[in-house]
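Report on the following structure.
Here's what the structure looks like:
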């Protein structure tokens, strides 16, 4: 009997933890525009570095 109660309590805690994790990820989500700009800026800097080092001819 006690095992069934603990199983339900643990399952409820697990569900609440998963929902809390999902909500935090949605709240702190970086916008797609910022992500794309950051990625393009990184690629441009790498391209410039490779040109300066004559890696790309």
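Numbering (our numbering), first residue to last: 11 to 67.
The beta-carbon is built from N, C-alpha and C at its ideal position, and this holds for glycine as well.
Query raised in the report: In this structure, does DSSP put residue 11 in helix, strand or coil?
Result: Residue 11 sits at position 1 when you count from the first residue of the chain shown. Coil, per DSSP.
Query raised in the report: Under the three-state reduction of DSSP, which class applies to residue 64: helix, strand or coil?
Result: In the chain shown, residue 64 corresponds to position 54, counting from 1. Residue state, collapsed to three classes: coil.
Report task. Rounded to whole angstroms, what's the CA-CA distance from residue 58 to residue 46? Just pull it up for me. Result -> Indexing the chain shown from 1 puts residue 58 at position 48. Indexing the chain shown from 1 puts residue 46 at position 36. Rounded to whole angstroms, the separation of the alpha carbons of residue 46 and residue 58 is 18 Å.
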